[in-house]
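In numbering that gives the first Met the number 0, the protein residues as written are 0 to 452.
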Amino acid sequence: MFYALPVISKGWYLCEILVNGVVYTANKFGVGDVFIIAEQSNAQGVKDEQYKLPAGSGIPEWVVGASEDKTCTKKLPESFTNMFPLNTADDAKRHGPLGPTGNSIWAYGVLGKLISDANGGMPVAFFNAATGGSSVTEWKQGADGVEAKHPYTGAQVCLGHNGGSVIPKDYYGQPYTALKTALNYYGSLYGVRAVLWHQGEADADANVDPVYKASSAADYQAKLQAVIAKSRSDFAAPNLTWYICKATISKFGPINATIRTGQGNTPTGSTVLPGAETDYVSGSAGATTVSDGGDEYRKDSTHFYEGTGQIKGLTWLAGKWAATIGALSNPVAASYVPLLMYSKNNDWRTLTAPSGGVQYHWNPSHINNPGVAGGTTSVFTTDKNWLFGIRCYMKDAIGNWHVSPTISVGQYSNQRKGMNISDAKESEQPGFELNAYPNPFTKKLHRYIRCCR
């Protein structure tokens with residue numbers, strides 16, 4: 000068994016594993032920043048293949064997201080197999096899910112390029128946990144784990160989604176659940192630079208029953224601060240950065256000064272910061288993003304749109320976010336990767352994960368599939384072949400997930416191999432190498448290899 004524990008500067012890399020000078024496997028990986036998106040449909044994106052999105056040309060391949068839909072579920076992501084570059088020309092993916100609950104790539108390919116360019120070509124990942132039409136009250140109730148009624152249906156959010164349960168309690172925690180899952184899984188595995196919050200349209204809508212929305216600027220501020228505090232507690236990251244937009248315009252009403260005041264008062268220091276101002280074209284006064292003289296920022300007076308005229312609403316939105324984010328600081332680092340120990344007793348192999356977890360799930364595919372028999376503790380013993388690999392998913396006491404490397408276990412008479420290499424003799428030591436090619440960076444790479452026989 001071989002472990003590589005590199006210390007690598009930010010950049011986009013090609014990692015090759017060589018056996019006796021021949022490439023055995025190769026993968027690209029990035030060291031950069033991760034953003035998690037939260038709130039309404041102008042953050043979630045529009046699920047419509049006819050909806051015009053920014054072109055992917057010019058967006059580097061190291062701006063990525065996850066193509067998976069976990070809307071209204073408590074399932075964990077399957078990010079290892081579903082990551083994709085946001086410059087894709089595949090229209091189904093461009094207008095498809097941006098996990099865990101996003102509806103399209105929206106403005107995030109362009110935003111990722113702007114952030115990457117401003118930071119020397121750094122890779123950027125986005126994970127979208129927004130919920131269309133949601134109010135700040137709904138998010139506060141979800142964070143509290145109680146009933147959260149959607150302002151436009153009057154029913155528990157997610158109730159009966161895609162033919163699912165019609166029991167309200169089955170969805171308690173939504174819409175906050177998606178944010179919590181994104182933090183506990185993506186955030187733990189990859190780290191988090193910031194949460195991007197774009198919400199306010201539902202609370203500003205005069206047609207929404209007051210019981211479903213913030214009653215004052217102070218009420219909006221208090222509820223959003225409670226959601227921020229809960230996210231930090233659930234992720235065990237007291238300095239998790241949040242950016243708070245000013246956003247109130249929709250087809251149901253003009254700018255709402257009360258909600259904007261609540262949004263503006265929420266940022267209180269270096270880790271809760273002002274986000275993009277999306278009600279006004281420039282600054283906090285003057286022309287709005289609806290009163291545009293005929294050219295379109297928004298397709299339907301609500302959702303930003305990559306219009307056919309000079310105004311490109313989604314590109315504009317990305318630029319507003321990028322200008323706000325500016326110099327990045329205070330990231331939450333990725334957590335540890337469980338290193339598995341290996342032992343052999345005759346034909347039985349034992350894999351041992353670190354102790355201290357509250358849940359273990361050994362699986363050859365992904366976390367939402369049934370685990371293998373006997374794979375619910377830190378120790379997994381088998382006499383079977385796992386030639387395509389098996390990994391351990393480990394949940395810690397906080398609720399954060401840690402995922403081990405995939406380990407290929409090959410069972411052969413009188414021999415054990417850390418990797419499945421045919422026709423090798425027990426006494427042979429394959430010549431393993433690890434090459435990493437930085438692109439676009441040429442930085443230091445420290446390599447530490449541990450070999451267990």
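All C-beta atoms, glycine included, are put in the ideal place defined by N, C-alpha and C.
- The shortest C-alpha to C-alpha distance from W241 to any of T307, G282, Y175 and I324 is the one to I324.
- No Cβ-Cβ contact shorter than 8 Å links N81 with A91.
- Per the C-alpha coordinates, the member of G141, N26, M393 and T307 positioned closest to Q358 is M393.
- Within its own chain, the residues whose Cβ lies closer than 7 Å to the Cβ of T260, once the five positions on either side in sequence are excluded, are A216, listed in chain order.
- Between W138 and T72, the alpha-carbon positions lie close to 16 Å from each other.
- About 6 Å separates the beta carbons of E146 and Y171, which is inside the 8 Å limit, making them a contact pair.
- Annotated as distal: K250 and T287, with beta-carbon spacing of 8 Å or more.
- In summary, D294 is exposed, with fewer than 16 beta-carbon neighbours lying within 10 Å of its beta-carbon over all protein chains present.
- Beta-carbon to beta-carbon, V33 and Y185 are separated by about 7 Å, close enough to satisfy the 8 Å threshold.
- Taking the CA atoms as reference points, V402 sits about 46 Å from V289.
- Excluding five sequence positions before and after S283, the CB atoms of its chain that fall closer than 7 Å to its own CB belong to E276, given in chain order.
- Only residues of its own chain outside the window of five on either side were considered, and among them G261, N264 and T265 have a CB closer than 7 Å to the CB of Q220, listed in chain order.
- In the structure shown, the three-state DSSP call for L110 is helix.
- By the C-beta criterion, the region 337 to 354 is judged to be in contact with the region 382 to 396, since at least 3 inter-stretch pairs fall below 8 Å.
- Here DSSP, grouped into helix, strand and coil, assigns H197 to strand.
- Assignment of W138 by DSSP, reduced to helix, strand and coil, places it in the helix class.
- In this structure, the alpha-carbon of A37 lies about 11 Å from that of V135.
- For L97, there is no enclosing alpha helix (DSSP H), since its DSSP letter is neither H nor E.
- Counting C-beta pairs closer than 8 Å gives three or more between the region 306 to 325 and the region 106 to 117, which meets the contact rule.
- As DSSP reads the structure, L272 sits in a beta bridge with Y242.
- DSSP places D32 within a strand segment (E or B) once states are collapsed to three.
- Ranked by Cα distance from N368, the options Q43, A25 and K74 are led by K74.
- Per DSSP, the beta-bridge partners of P174 are G172.
- A352 sits buried, since 16 or more C-beta atoms from the chains shown fall within 10 Å of its C-beta.
- About 10 Å separates the beta carbon of P99 from that of E77, a gap too long to meet the 8 Å contact definition.
- With a beta-carbon spacing of about 33 Å, I254 and D233 fall beyond the 8 Å limit used to define contacts.
- One thing to note: P53 has its Cβ no nearer than 8 Å to the Cβ of A129.
- G31 places its beta carbon less than 8 Å from that of W61.
- Taking 8 Å as the upper bound for CB-CB distance, A235 and G199 are not in contact here, some 29 Å apart.
- When only Cα atoms are considered, L85 and G55 end up about 7 Å apart.
- Separation of H149 and V6 (C-alpha to C-alpha, rounded to the nearest whole angstrom) is 46 Å.
- Cβ neighbours of P167 within its own chain (closer than 8 Å, five residues either side excluded): E146, A154, Q155 and L158.
- The straight-line gap separating the alpha-carbon atoms of N362 and L386 is approximately 13 Å.
- Judged by their CB atoms, N399 and H197 are not nearer to each other than the 8 Å cut-off.
- A203 and I258 do touch by the CB rule: their CB atoms are close to 5 Å apart, below 8 Å.
- When DSSP reads this structure, A37 sits in a beta bridge with W196.
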